[in-house]
Each structure stands twice: as C-alpha cells, then as structure tokens.
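Take a look at the structure below.
Residue numbers (the UniProt record's numbering): 1 to 251.
Below, the structure written as structure tokens:
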C-alpha cells in the first residue's frame, strides 16, 4: 500500500484541494462512493492540467484534442463518511511512451491517510480516436517524487475466462462528459451498483484496478459480465463483442 505520509505543508510540486464529504457523495453505506471519489480526482486532474500543462481543456478541444484516462489503480485504507473534511493532492509521476501519469493521495484534515491512486492518460485526437502528438505549446512537467507514493498501474491483469453473472447498462445523456463519451467515474458507479448491499456495508475495497479500453457513447449498451474469486470481483464491460472496460476490485 503506497500512501505517502501526510505533511502539514504542501510538498513542492503538489497541487491540493480541501473539501467536505457531502450527502451527494455518499452511498447507502454512509461512506463516500467510489464513483464520487473518481469524480473528485477528475476535478482536481482537470484543474491541475489547466494550471500546469499550458493548455486548458477548452484549448485542447479547440485543437481537436482531449485527455483520456487509460489505466488507474486506487489503493484504499478507508472511505470517508459524510461531514468529514478531506485533503486531496495530485502531482506528476513518471511518464511512459505516449502516456502521462498523475499520482494522487487523500487524507483527513487531521492527516489520517485514506487513499492513494496512480493513473495513466493519453492525449487523444478527437476525430481519429488515435493517440495525438503533443502540441508545441503544451508543457511536460518533470516528475515529482513523493516518498511512499504508489507505483504506476499495471498495464495488464489476469482475468477469468468464465463469468457467472451478467447485466446490461445503456449510457444515458446525464452520464456523458464534455468529451462526448461516458464519464470515467460512471464506470465505477456501474460497478458499485453490482455489489450486494449487505456485503458492501461490512467490506471496503482495498484496491481497484481499471483499464478504460474503448469509450462508450450516449445510447450504447454494454454487457457487464462479472464474477468473484475469493474476495476479488472481476468485471468485464463488453460492447459489440469487444472489451470496453475492465475492473478488478479486491476486498
């Protein structure tokens, strides 16, 4: 579990926000939902890219480009509850070929470590849906190394060949983001809704690995095939016979 130690002063190169866990962020367990957590990380990511990369999201869209998350790995110690004050930080990690990384950590206002995440992003051409070249005016940030930070996500995981359960979800208008596809946090909403409420009240995920394979658009329907091996839940989202997303959630 790679959660950096909390410091009262924000480390150099780290961007932080503070917020309260509100009613709209929690689920029936009384804890912050994993979808709401993903939305807060999305919010701070957009702010960080806008402030530090030299081009805002709007400026990228005007060039026919956008940031697309491809992999993420969330490591959880505890999900905060309604009314708690938390601090969420983000910083640039090491980059891979055509992949830009961001590292996250979340704490209570008193410094209790809650979560650490690493994510990998692609710069996407909106027209061709292929990896785009970096615009000349876009800044590449030097990696910030924070002691105790998590490793970057694995690019592959072993998934079962057989799934015992299946349901379908159709992308609604409300679930679409400004890029024109299913908002990345909604995948985790979908997965969380597959969990048995009694089980989920007693258990908190320890790790959540996600691969966003192929974007889903408004009106498209995905088959969610899922199964359990011990206390690990595997979800494979399929559209038109191809993987759309993969989730491995360990309890």
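Here a beta-carbon is modelled for each residue, glycine too, at the ideal position from N, C-alpha and C.
Distance, residue j Cα to residue i Cα
{"i": "residue 42", "j": "residue 113", "result": "19 Å"}
{"i": "residue 207", "j": "residue 221", "result": "27 Å"}
{"i": "residue 195", "j": "residue 126", "result": "34 Å"}
{"i": "residue 92", "j": "residue 144", "result": "6 Å"}
{"i": "residue 106", "j": "residue 10", "result": "12 Å"}
{"i": "residue 136", "j": "residue 46", "result": "20 Å"}
{"i": "residue 187", "j": "residue 32", "result": "16 Å"}
{"i": "residue 160", "j": "residue 120", "result": "24 Å"}
{"i": "residue 205", "j": "residue 193", "result": "14 Å"}
{"i": "residue 60", "j": "residue 128", "result": "15 Å"}
{"i": "residue 100", "j": "residue 229", "result": "32 Å"}
{"i": "residue 153", "j": "residue 122", "result": "14 Å"}
{"i": "residue 301", "j": "residue 219", "result": "With the chain covering only 1 through 251, there is no way to say anything about residue 301."}
{"i": "residue 330", "j": "residue 48", "result": "Outside the shown range of the chain, which is 1 to 251, sits residue 330, and nothing can be said about it."}
{"i": "residue 57", "j": "residue 66", "result": "7 Å"}
{"i": "residue 255", "j": "residue 8", "result": "Since the first residue of the chain shown is 1 and the last is 251, residue 255 is not available in this structure."}
Whole-angstrom C-beta distance between residue j and residue i, which should lie under 8 Å
{"i": "residue 90", "j": "residue 184", "result": "That belief does not hold up - the Cβ atoms of residue 90 and residue 184 are roughly 15 Å apart, past 8 Å."}
{"i": "residue 71", "j": "residue 232", "result": "Contact flag wrong, Cβ pair sits at about 18 Å."}
{"i": "residue 75", "j": "residue 3", "result": "7 Å"}
Span of the beta strand (DSSP E) around residue i
{"i": "residue 248", "result": "242-250"}
{"i": "residue 295", "result": "For the chain, the structure presents residues 1 to 251; residue 295 sits outside this window and is missing."}
{"i": "residue 210", "result": "207-212"}
{"i": "residue 19", "result": "15-20"}
{"i": "residue 236", "result": "232-239"}
{"i": "residue 105", "result": "100-108"}
Check whether residue i and residue j have beta carbons under 8 Å apart
{"i": "residue 124", "j": "residue 116", "result": "no"}
{"i": "residue 214", "j": "residue 243", "result": "yes"}
{"i": "residue 225", "j": "residue 181", "result": "no"}
{"i": "residue 223", "j": "residue 168", "result": "yes"}
Start and end residues, alpha helix (DSSP H) containing residue i
{"i": "residue 89", "result": "No alpha helix (DSSP H) contains residue 89, which is instead part of the beta strand (DSSP E) from 85-92."}
{"i": "residue 60", "result": "57-62"}
{"i": "residue 50", "result": "34-52"}
8 Å Cβ cutoff, residue i in contact with chain C
{"i": "residue 81", "result": "Within the model displayed, chain C is absent; a lone protein chain is all it includes."}
Sequence ranges, beta strand (DSSP E) only - wholly within the UniProt domain "Acyl-ACP thioesterase-like C-terminal" (170-229), length at least 3: 207-212, 221-229
Unbroken stretches of the alpha helix (DSSP H), 4 residues or longer, contained in the stretch 111-137: Segments of the alpha helix (DSSP H) lying fully in the stretch 111-137: there are none.
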